Each structure stands twice: as C-alpha cells, then as structure tokens.
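In the numbering used here, the protein residues as written are 1 to 360.
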C-alpha cells in the first residue's frame, strides 16, 4: 500500500523515554510495510499525521505542533490526524497537560488512548466524547526485551528486585523505593532481598542500600534486567509506561501498586501492593516466586502486537479517509484563525515555562 505518514517526533539515539521508543518501534514496523515515514510537514502528499508529542516549545522532541498539523489539513483536506494520548497531569502533579491534550484533540480526527483508564479521565475533564477513539496498549521490542538466557532465582541467594525510570520525577514511586531502601537496613530483609534502581531520580534523595545504575540503552538495559528476579513499580497515575513492560518481557514477575494503568498491564503477572502492606507482599513474592515466574511467561504486550494494531487502524482510516475530509469554507480565513490560536498557545506555553522556572 502506497501511503505516507508523519510522526511529529525528533528522533534521537541512546537511552530515551517511552514516547521516543514508541515512535522508533512504529517507524521501523511501518517502513517494513512499505509505508513512507517522515517527521515533518514539508511534503504535499502526507496521508496520516500521528501526534506523539504535539506540544512544541514545551516538549523538546516535538517536530511540529498540533496547530501546524491542522493548518496542513486545511490545505490538504484528505489528510487524517490521529492523536495518541500518552500523558496526563496526574502523572507528575502538573496543572496544564490535560488542558493542552484536550485542546489538541479538537484538531484531531481520531484518538488513541494507551490505557483504558485515561478515556474516562479526560472525558470528565471536557474531552469531546464524539471524537472516535480506541485503546491500543503499549508494547516493548521482544527482539531486545525477552527472557532468552534469563536464569530464574535458584533460592540459594537473595531475591534481586529491580526497577528503572527514564524520568526523574518523585511520583515515579520514590516514596516506595525509599521505603524499600530503608527496609534493607534491617538484616531481616537484607538477608532476603537486594534492590537495584536504574535511571534518573530526584537528586535530593539519598539511597543508602540500593544499587544505583545510570540510564542504559535498550540492549544494555535488557541485559541488566535479566540479572534480576522480580520487577517493582510504584509509579503513580502512570498513563501506561514502558518500564514494567520491559521488565515483564525479560521474565520478571511484577510487584505493582494500584495506580493509573498499572493494574491493566500487570494484573495476573504479579502481586499488587500498597505502601502499608509492602513488607507483607515482598515476603509473599519471596514465597510464591515459582508461581509468578511461570505466569509471566504468558505476558504478551510486545511492540509487534502494538504496531500491528496501529497498522490496522491506519490502513482502516486511510480506506475511509473521505469520512474525515476537512470542511474548508474560507481557506485564508480558516488558516489565519488557527495561526491566531497558535500565537495564543505560544503565550500560554511561555507562561507555563515561566511558572515551572519559578517553582525550581
């Protein structure tokens, strides 16, 4: 099928967050299907625009804004705009992301949520329920994140627990990770467990009993994860996340908190815990490891599955593109109105960045 799709992402190499990983996975998959993938709007024959990071001047990886995309659609009415919703204010305790996402959705033809819990969250905050949407869960690259050569815990040594986060926000679960770090001061726990944190974390925190490893590239990360036995995530209000997926695909049963999308992704593949019962659930995992290491073999959130679902969506929308054709009454005036809104957006972003600067 001859098709061209634009992903609004500046591709970078090395260790990166979930949005960049998704973009790389999808780009490789689509190109394998003979679909041309670009990351700008300079061509006149773009069929699909997929928003991954639509907020220029706020997100450094955004290659163009949702206003740029809509202006393109006004000039090329048959182009379809898809918005992938992979963020929310609740994740980092901010107060501007939800509003921006809802505004961007008003310039989109179709929405893709990366977890079920996000849809009612945004609809309660004003998202237009009439915009067609679906859920496509995240997935990691099984060619990299897999349990090949992974050795299960042999019960002779300590149970090795690991987590990893690209973002250094406190709400990634550092209250729980600090609690685990404190527990490891007690020989009752030190003799049973050890804990490794990979990635970025708030610099004001001090981990005394935790092995700290800086961010790793995907292959290095997979190798390091396989050296451990159990994955833990305490990330709050996670839109979906990639970290627990990567751990699960590497054959690590999951200890997870009931927040955000974590139950959707982790239920059936590990043990849910709370801050109050962490100690109890650690011991339960220690006792039930054999049960969960067997169940984790069935974990299936791979990038192949995710990419295939996006491909099916893209080809379906492309076949029905006449249903999404923009109604342009006055091309010059319509573009001017959108540009005016874009300038208002820039003012809003400037105020947000100033507020963030003052809060540091």
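Ideal placement from N, C-alpha and C gives every residue a C-beta, glycine not left out. It should be emphasised that the depicted structure is a prediction, and the values quoted were computed from it without experimental measurement.
Leaving out five residues on either side along the sequence, give the residues of the same chain with a beta carbon under 7 Å from the beta carbon of residue 219.
Here residue 219 refers to the residue found at position 219 of the chain shown. Excluding positions up to five away in sequence, the list reads 144.
Thinking just about the alpha-carbon of each residue, which of 32, 70, 34 is nearest to the one in residue 8?
Here residue 8 corresponds to residue number 8 of the chain shown, with the count starting at 1. The shortest C-alpha to C-alpha distance from residue 8 to any of 32, 70, 34 is the one to 70.
To which residues does DSSP link residue 112 through a beta bridge?
As a working mapping, residue 112 is identified with position 112 in the chain shown. Answer by DSSP bridge pairing, in chain order: 84, 134.
Distance check for residue 296 and residue 50, CA to CA, integer angstroms please.
In the chain shown, the residue the question calls residue 50 occupies position 50. In the chain shown, the residue the question calls residue 296 occupies position 296. Rounded to whole angstroms, the gap between the alpha carbons of residue 50 and residue 296 is 32 Å.
Enumerate in chain order the residues of its own chain whose CB-to-CB distance from residue 172 is below 6 Å, with the five nearest sequence positions on each side excluded.
Residue mapping note: residue 172 aligns to position 172 of the chain shown, counting from 1. Apart from sequence neighbours up to five positions away, the residues of its chain that approach residue 172 with a beta-carbon distance below 6 Å are 165, 235, ordered along the chain.
Suppose the cutoff is 7 Å on Cβ atoms and the five residues either side in sequence are ignored; what does the same chain contact list for residue 68 look like?
In the chain shown, the residue the question calls residue 68 occupies position 68. Cβ within range, chain order: 41.
Answer with buried or exposed for residue 300, where buried requires no fewer than 16 other C-beta atoms within 10 angstroms of its C-beta.
Here residue 300 is taken as the residue at index 300 of the chain shown, counted from 1. Classification for residue 300: exposed.
At what residues does the alpha helix (DSSP H) containing residue 217 begin and finish?
Position 217 of the chain shown, counted from the start, is the residue given in the question as residue 217. It is not in any alpha helix (DSSP H) - residue 217 carries neither H nor E in the DSSP assignment.
Does the structure place the segment 134-154 close enough to the segment 300-310 that three or more beta carbon pairs sit under 8 Å?
yes
DSSP beta-bridge partners for residue 9?
Here residue 9 refers to the residue found at position 9 of the chain shown. DSSP, once it has assigned bridges, lists 62 as partnering residue 9.
Given a cut-off of 7 Å on the beta-carbon distance, is the pair residue 23 and residue 66 in contact?
Walking along the chain shown from the start, residue 23 turns up at place 23. Walking along the chain shown from the start, residue 66 turns up at place 66. No, these two residues do not count as a Cβ contact at 7 Å.
Compute the beta-carbon to beta-carbon distance between residue 161 and residue 194, rounded to the nearest angstrom, for a pair I have assumed lies under 8 Å.
In the chain shown, the residue the question calls residue 161 occupies position 161. In the chain shown, the residue the question calls residue 194 occupies position 194. Right, the Cβ-Cβ distance comes to about 7 Å (below 8 Å), so this counts as a contact.
Closest by CA to residue 204, which one among 169, 44, 121?
For the purposes of this step, residue 204 is identified with residue 204 of the chain shown, where counting begins at 1. Here the closest residue by C-alpha is 169.
So what's residue 164 in DSSP terms, helix, strand or just coil?
Against the chain shown, residue 164 aligns to sequence position 164. Three-state result, residue 164: strand.
Determine the direct distance from the alpha carbon of residue 207 to that of residue 60, and round the result to whole angstroms.
By 1-based counting over the chain shown, the position of residue 60 is 60. By 1-based counting over the chain shown, the position of residue 207 is 207. Roughly 30 Å between the two C-alpha positions.
Is DSSP giving residue 257 helix, strand or coil here?
As a first step, residue 257 is located in the chain shown; it is residue number 257 there, counting from the start. Strand at residue 257.
Are the CB atoms of residue 73 and residue 82 within a distance shorter than 7 Å?
By one-based count along the chain shown, residue 82 stands at place 82. By one-based count along the chain shown, residue 73 stands at place 73. Taking 7 Å as the Cβ cut-off, residue 82 and residue 73 do not qualify as a contacting pair.
Closest to residue 183 by CA distance: which of 279, 298, 55 is it?
Within the chain shown, numbered from 1, the residue matching residue 183 stands at position 183. It is 279.
Skipping 5 residues on each side, what residues in its chain have a beta carbon closer than 7 Å to that of residue 97?
Walking along the chain shown from the start, residue 97 turns up at place 97. If we look at residue 97 and ignore the five residues flanking it on each side, its Cβ neighbours are 87, 88, 89.
Please report the residue range of the beta strand (DSSP E) in which residue 51 lies.
Translated into positions along the chain shown, residue 51 becomes position 51. It spans 48-51 - the beta strand (DSSP E) in which residue 51 sits, taken as one unbroken run.
Have a look at 136, 290, 330, 319 and flag the residue whose alpha-carbon is nearest the alpha-carbon of residue 229.
For the purposes of this step, residue 229 is identified with residue 229 of the chain shown, where counting begins at 1. Across the set 136, 290, 330, 319, the C-alpha of 290 shows the shortest separation from the C-alpha of residue 229.
When burial is assigned at 16 or more other CB atoms within 10 Å of the CB, is residue 337 buried or exposed?
For this step, residue 337 is matched to residue 337 along the chain shown. Looking at its Cβ environment, which holds fewer than 16 other Cβ atoms inside 10 Å, residue 337 is exposed.
Cα separation between residue 181 and residue 93?
Reading the chain shown from its first residue, position 181 is the one you call residue 181. Reading the chain shown from its first residue, position 93 is the one you call residue 93. Roughly 24 Å between the two C-alpha positions.
Run through the segment 146-214 for me and flag every whole beta strand (DSSP E) of 3 or more residues, listed as ranges in chain order.
159-165, 193-199, 211-213
Under three-state DSSP, which class holds residue 289?
Working through the chain shown from its first residue, we reach residue 289 at position 289. Residue state, collapsed to three classes: helix.
Give a yes or no on whether the C-beta atoms belonging to residue 255 and residue 285 are separated by under 7 Å.
To locate residue 255, count along the chain shown from 1; it is residue 255. To locate residue 285, count along the chain shown from 1; it is residue 285. Yes, the Cβ-Cβ distance between residue 255 and residue 285 is below 7 Å.
In whole angstroms, what separates the C-alpha of residue 56 from that of residue 269?
Within the chain shown, numbered from 1, the residue matching residue 56 stands at position 56. Within the chain shown, numbered from 1, the residue matching residue 269 stands at position 269. Their Cα atoms are separated by approximately 37 Å.
Roughly how many angstroms separate the alpha carbons of residue 63 and residue 332, rounded to a whole number?
Within the chain shown, the letter at position 63 stands for residue 63. Within the chain shown, the letter at position 332 stands for residue 332. Rounded to the nearest angstrom, the two C-alpha atoms are 24 Å apart.
Determine the extent of the beta strand (DSSP E) in which residue 272 is found, giving its start and end residues.
Counted from its first residue, the chain shown places residue 272 at position 272. Run containing residue 272: 270-273, per the beta strand (DSSP E) assignment.
For the putative contact between residue 213 and residue 196, defined by C-beta atoms under 8 Å, what is the C-beta separation to the nearest angstrom?
Position 213 of the chain shown, counted from the start, is the residue given in the question as residue 213. Position 196 of the chain shown, counted from the start, is the residue given in the question as residue 196. Residue 213 to residue 196, Cβ: 6 Å. Contact.
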